[in-house]
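Chemist: In our numbering, the protein residues as written are 21 to 116. All C-beta atoms, glycine included, are put in the ideal place defined by N, C-alpha and C. One structure is given below, represented as structure tokens, and several questions about it will come after.
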């Protein structure tokens with residue numbers, strides 16, 4: 021989730037980058053660690069990059085929402101009286 025958000029922010033900072041959606045997705049996927057690539061391939065039901073860009077984006081967004089939701093539940097359970105904090109700075113896309 022964090023990696024995807026950072027990647028989108030970088031692209032947004034350069035609105036005239038000229039990269040196609042396919043090139044963006046290929047760059048993002050190939051920058052992931054092997055475990056996260058496997059997770060995306062699994063969610064895609066095969067090779068992630070064989071999907072059309074719209075399907076790839078849908079898979080990434082879906083995995084990001086699931087991960088955010090799980091993390092929020094864990095934070096609430098472990099820190100019932102503490103404010104929520106999302107200060108993890110992992111380079112992993114964290115798809116599990």
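(1) Using 10 angstroms around the beta-carbon of residue 68, count the other beta-carbons present and answer buried if the total reaches 16, otherwise exposed.
(2) Taking all protein chains shown into account, decide if residue 59 is buried (16 or more other Cβ within 10 angstroms of its Cβ) or exposed.
(3) Anyone know if the C-beta pair for residue 73 and residue 42 falls short of 7 Å?
(4) Taking only the alpha-carbon atoms, compute the straight-line gap between residue 61 and residue 37 and give it to the nearest angstrom.
(5) What would DSSP say about residue 71, mapped onto helix, strand or coil?
Modeler: Taking the coordinates as given:
(1) Here the question's residue 68 lines up with position 48 in the chain shown. Residue environment for residue 68: buried (at least 16 other C-beta atoms within 10 angstroms of its C-beta).
(2) Within the chain shown, the letter at position 39 stands for residue 59. Within 10 angstroms of the beta-carbon of residue 59 lie 16 or more other beta-carbons, which makes it buried.
(3) For the purposes of this step, residue 73 is identified with residue 53 of the chain shown, where counting begins at 1. For the purposes of this step, residue 42 is identified with residue 22 of the chain shown, where counting begins at 1. The beta carbons of residue 73 and residue 42 sit closer together than 7 Å.
(4) Numbered from its first residue, the chain shown carries residue 61 at position 41. Numbered from its first residue, the chain shown carries residue 37 at position 17. Rounded to whole angstroms, residue 61 to residue 37 spans 27 Å at the Cα level.
(5) As a position in the chain shown, residue 71 is number 51, starting the count at 1. Of the three classes helix, strand and coil, the one that applies to residue 71 here is coil, per DSSP.
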